[in-house]
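Residue numbers for the first sequence, in this note's numbering: 2 to 791. Where a beta carbon is used, it is the ideal one built from N, C-alpha and C, also for glycine.
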Amino acid sequence: MSSYDDNDAFEAAARVPLSQRAMGAQAHPYLNDLNPAQREAVEALDGPVLMLAGAGTGKTKALTTRIAHLLRTGTARPHEILAVTFTNKAAREMKNRVARHLGETVEGMPWLGTFHAICVKLLRRHAELVGLKPNFTILDTDDQIRLLKQLISAANIDEKRWPARQLAGIIDGWKNQARTPDRIPAAEASAFDGKGPALYAAYQERLRTLNAVDFGDLLLHMLVIFQTHEDVLAQYRRWFRFIMVDEYQDTNVAQYLWLRLLASEHRNICCVGDDDQSIYGWRGAEVGNILRFEKDFPGARVIRLEQNYRSTPHILAAASGVIAANQGRLGKTLWTEEQDGEKVRLIGHWDGEEEARWIGEELESMQQGTRGLRPFNLDQCAILVRASHQMRAFEDRFLTIGLPYRVIGGPRFYERLEIRDAMAYFRVAVSPDDDLAFERIVNTPKRGLGEKAIQKMQIAARANGVSLFEGARLVLAAGDLAGRAKGQLTALLDGFGRWHGAVLDQRESHVELAETILEESGYVAHWQNDKTPEAPGRLENLKELVKALENFENLQGFLEHVALIMDNETEEGGPKVSIMTLHGAKGLEFPAVFLPGWEDGLFPSQRAMDEQGLKGLEEERRLAYVGITRAEELCTISFAANRRIYGQWQSALPSRFIDELPEQHVDVLTPPGLYGGGYGAAGMDSSFGSGIEQRAASANVYNSPGWKRLQARGAQRGMAQPQESRNMVIDMTAVSAFTTGDRVFHQKFGYGVVADIEGDKLEVAFDKAGRKKIVAKFVVSADAADDVPF
DNA sequence: CCTCATATACTTTTT
DNA sequence: GTATATGAGG
Numbered sequence: 002m003s004s005y006d007d008n009d010a011f012e013a014a015a016r017v018p019l020s021q022r023a024m025g026a027q028a029h030p031y032l033n034d035l036n037p038a039q040r041e042a043v044e045a046l047d048g049p050v051l052m053l054a055g056a057g058t059g060k061t062k063a064l065t066t067r068i069a070h071l072l073r074t075g076t077a078r079p080h081e082i083l084a085v086t087f088t089n090k091a092a093r094e095m096k097n098r099v100a101r102h103l104g105e106t107v108e109g110m111p112w113l114g115t116f117h118a119i120c121v122k123l124l125r126r127h128a129e130l131v132g133l134k135p136n137f138t139i140l141d142t143d144d145q146i147r148l149l150k151q152l153i154s155a156a157n158i159d160e161k162r163w164p165a166r167q168l169a170g171i172i173d174g175w176k177n178q179a180r181t182p183d184r185i186p187a188a189e190a191s192a193f194d195g196k197g198p199a200l201y202a203a204y205q206e207r208l209r210t211l212n213a214v215d216f217g218d219l220l221l222h223m224l225v226i227f228q229t230h231e232d233v234l235a236q237y238r239r240w241f242r243f244i245m246v247d248e249y250q251d252t253n254v255a256q257y258l259w260l261r262l263l264a265s266e267h268r269n270i271c272c273v274g275d276d277d278q279s280i281y282g283w284r285g286a287e288v289g290n291i292l293r294f295e296k297d298f299p300g301a302r303v304i305r306l307e308q309n310y311r312s313t314p315h316i317l318a319a320a321s322g323v324i325a326a327n328q329g330r331l332g333k334t335l336w337t338e339e340q341d342g343e344k345v346r347l348i349g350h351w352d353g354e355e356e357a358r359w360i361g362e363e364l365e366s367m368q369q370g371t372r373g374l375r376p377f378n379l380d381q382c383a384i385l386v387r388a389s390h391q392m393r394a395f396e397d398r399f400l401t402i403g404l405p406y407r408v409i410g411g412p413r414f415y416e417r418l419e420i421r422d423a424m425a426y427f428r429v430a431v432s433p434d435d436d437l438a439f440e441r442i443v444n445t446p447k448r449g450l451g452e453k454a455i456q457k458m459q460i461a462a463r464a465n466g467v468s469l470f471e472g473a474r475l476v477l478a479a480g481d482l483a484g485r486a487k488g489q490l491t492a493l494l495d496g497f498g499r500w501h502g503a504v505l506d507q508r509e510s511h512v513e514l515a516e517t518i519l520e521e522s523g524y525v526a527h528w529q530n531d532k533t534p535e536a537p538g539r540l541e542n543l544k545e546l547v548k549a550l551e552n553f554e555n556l557q558g559f560l561e562h563v564a565l566i567m568d569n570e571t572e573e574g575g576p577k578v579s580i581m582t583l584h585g586a587k588g589l590e591f592p593a594v595f596l597p598g599w600e601d602g603l604f605p606s607q608r609a610m611d612e613q614g615l616k617g618l619e620e621e622r623r624l625a626y627v628g629i630t631r632a633e634e635l636c637t638i639s640f641a642a643n644r645r646i647y648g649q650w651q652s653a654l655p656s657r658f659i660d661e662l663p664e665q666h667v668d669v670l671t672p673p674g675l676y677g678g679g680y681g682a683a684g685m686d687s688s689f690g691s692g693i694e695q696r697a698a699s700a701n702v703y704n705s706p707g708w709k710r711l712q713a714r715g716a717q718r719g720m721a722q723p724q725e726s727r728n729m730v731i732d733m734t735a736v737s738a739f740t741t742g743d744r745v746f747h748q749k750f751g752y753g754v755v756a757d758i759e760g761d762k763l764e765v766a767f768d769k770a771g772r773k774k775i776v777a778k779f780v781v782s783a784d785a786a787d788d789v790p791f
């Protein structure tokens, strides 16, 4: 169907003399933009290359220039280059940057994409070799779980003791390891009450009858095909004459084998990665792949990109100090030509709330410029947390002080097909001239309104300078449509007429209206009639969508909300501080970075250490390294002595990673003197200095003198004192102060009116959030809201 | 069939 | 503490 079916094309390209690539910088001025290491990586086109690219060393630049160079020198044609990434975002970025190198005239690269995207393409062509039809569907995680649930109950297994989630994890793990059901090692056969392998086999069988695959299958099926069909493998070996892999440290076993099969003949493979940034071991990534590269490809050139263009020397030194504690690294020494800069700042807090408060205040003053720093715009600041539940403290705090923020990596719910369709219906109902939305759903479900019909509408719309919706009306009026299409379109437009009217007169609740729209439009029926395995899930998602509507006043408000959280590209409003997980921050950079929650147990995560031991700890340490190296100018690490976890107050030790920060690159800040000027500061001062050697010697954080002092201080003052005294302020205004009808304010729900009082609980009818039962102390009189010292 | 109450578990996340 | 899942009951 497309160029890659054309065998002659690559045969011809294969005959392009390799000597052409010896052309130097004169012919290729872009080479002058590179530092020596980058240039070496770009010009080493022949044979295996391992590009060890530290954080901020211009990895993507080297990689994209390398592709451009392959093409510019005529060494390869676009379709002969296989370039794999892990995320669509990375693939997009690479495509854009290659295109920029080459000018717009060059055709796209058909084989630049994620492992999964490329495997889908390949698998559609060879589906029958693994018993699938080319139009197989791809199940997402939810579908997967649903299927497994069925299988588990069919096998008479107690779903409670053996949850489908767990089985899904096990099967994913096997797939990552490139294990088909018949190749489960004996040691793992006992998984899932000994029924793991059988259920895995049943699951694969079921997928096949459904003509479906899950994400892991995309790779595994292709791998099996390569392993069992030499002719197919041979074809692609000749095809993909040059292979490039981004983020090689994140590859799992299946991906590794897949790549090795394709590359082992011509060995033109260039893997780019950083073993120090391997943070996805928990989902099957094998650091071993990158560590082993030179063994797999003897004679490989190892090129280290070590000049960092991102961070100041102090930040680099701090990151290097931490990562140095890991064993078995390939080893890199990041350096920079930068001279000055702030040390990494370290600050301890009493509890998590205070940490959030301090960061909020710091962000506010940083916009003006504070502590002798240049002013920072909020867009230049980010808060990187270990676990997403840490985000809430910041959201709550920033909401109350009105600091604009954005959470990156939220739920993906709104990206689903059925949700976007439903949203499109809502959008047209709210504003009929939303052409994009109208076009999306005009023929979904199928109404016999194909390309031609839509074209007619568009022509009519454009000719009269009206919306597509009006255009459709005109087409109907002109009698330009016949038969089924005519009737269907009439019905649809009538429907939207009614629904739009209902939006306007607001008599019906928006939740009911939404249900009506989905029903009457036939969209729900569309999925009910759909027999594919994912249909039930989609219906459930639609239900969920309707339920989510309850939290909003009307459809407009809901759509606005979703639009904001959906496309962070076209985001409106002023600058905002970003909040995201450390994992989510990989590959990004910010002038100012806050790293809160550096406490043992939280970071490094207790679970990672319990389950993975030293391996887990080292991955956590790499995560710390990733976090620090996100910062360009200012990096602020903080921890709290107390934190509420699952509703319980727990005290914690400062993270062991804090002790690994080289002290000459760290500035210990004193927290503001709310309680007599800094238990934290006193503790911290001494924790530095002598603490480091002691801890290194004993490897026991509990022995840290700094920590002991910190604890002693805390005990002296009474651990609970600070937050109690804070609540007191509220208590006094609260408990007895309210009567029914009072106007009150709540941190999260905003303003409302007291409807009922039961003991210490109030029932409040909130303006926006509806009726809720609230413990009185969390609410203040609306008049006093401005004075409350939150 | 839907709602309410109780129990339970709970990093990280892309495809 | 909160979200989710399941079971009982209306």
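| Query | Result |
| --- | --- |
| Residues of its chain near Thr65, where Cβ-Cβ distance is below 7 Å and the 5 sequence neighbours each way are ignored | Met95, Arg98, Val99 and His102 |
| Asp601 to Ile360 span [Cα, whole Å] | 20 Å |
| Close-in-space but distant-in-sequence residues of the same chain around Gly674 (CB under 6 Å, 5 per side omitted) | For Gly674, the predicted model reports a pLDDT of 48, less than 50, meaning its position is unreliable and no value from the coordinates is stated. |
| With 16 other Cβ atoms within 10 Å as the buried cut-off, status of Tyr647 | exposed |
| Simplified DSSP assignment, three categories, for Asp143 | helix |
| Residues sharing a beta bridge with Trp336, DSSP | Gln308 |
| Where Ala28 sits in the DSSP three-state scheme | coil |
| Alpha-carbon to alpha-carbon, Leu543 and Ile420 | 6 Å |
| Segment limits, alpha helix (DSSP H) that includes Thr491 | Gly484 to Asp506 |
| Nearest candidate by alpha-carbon position, reference Asn36, set Gly59, Gly538 and Ile629 | Gly59 |
| Separation of Gly373 from Ala697, as counted between CA atoms | With a pLDDT of 29 at Ala697, under the threshold of 50, the modelled position of that residue is not reliable, and no figure is offered here. |
| Expected contact under 8 Å - CB spacing of Leu364 and Val578 to nearest Å | 6 Å |
| Residue environment, Asp341, which counts as buried when at least 16 other CB atoms sit within 10 Å | exposed |
| Inter-residue Cα distance where the pair is Thr1 and Ile146 | For residue 1 there is no data in the structure shown, the boundaries of the chain being 2 and 791. |
| Within 8 Å, strictly: CB atoms of Val319 and Val345 | Note on residue identity: the sequence assigns Ala, not Val, to residue 319. In contact: Ala319 and Val345 (Cβ atoms closer than 8 Å). |
| DSSP-derived helix/strand/coil call for Gly451 | coil |
| Alpha carbon of Phe559 to alpha carbon of Val408, nearest angstrom | 18 Å |
| Minimum C-alpha distance to Tyr113 - residue among Asn89, Phe193, Lys134 and Leu133 | Looking at the sequence itself, residue 113 is Leu, so the reference to Tyr does not match. With distances taken between Cα atoms, Leu113 lies closest to Asn89. |
| Identified DSSP bridge partners for Phe241 | Answer is none; Phe241 lacks a bridge partner. |
| Given Asp144 as reference, the closest of Cys272, Gly742, Ala165 and Arg126 once Cα atoms are compared | Ala165 |
| Nearest residue (CA-CA) to Arg67, options Tyr31, Gly55, Lys548 and Ala91 | Tyr31 |
| C-beta contact flag for Gly472 and Ala461 at 8 Å | yes |
| Length-filtered (4 minimum) alpha helix (DSSP H) runs lying within the region 570–654 | 583–586 and 607–629 |
| Backbone secondary structure at Ala1 - three-state DSSP | Look at the range of the chain in this structure, 2 to 791, and you will see that residue 1 is not part of it. |
| As assigned by DSSP and simplified to three states, the class of His230 | coil |
| One or two residues paired with Cys120 in a DSSP bridge | Bridge partners of Cys120: none, in fact. |
| Segment contact, 8 Å Cβ cut-off, at least three pairs: the region 389–406 with the region 428–438 | no |
| DSSP state of His267 mapped onto helix, strand, coil | coil |
| For His102, the first and last residue of its enclosing alpha helix (DSSP H) | Asn89 to Leu103 |
| Three-state secondary structure (DSSP) of Thr115 | strand |
| Contact under 8 Å by Cβ, Gly174 with Gly285 | yes |
| Opening and closing residue of the alpha helix (DSSP H) in which Leu364 lies | Gly353 to Gln369 |
| Strand pairing of Ile82, partner residues [DSSP] | Phe243 |
| Cβ neighbours of Glu516 in the same chain (closer than 8 Å, five flanking residues each side left out) | Val547 |
| Nearest neighbour of Ile804, chosen from Pro135, Leu404 and Tyr204 [CA to CA] | Since the first residue of the chain shown is 2 and the last is 791, residue 804 is not available in this structure. |
| C-alpha gap between Leu792 and Arg78, whole angstroms | Nothing about residue 792 can be reported from this structure: the residues present for the chain run from 2 to 791 only. |
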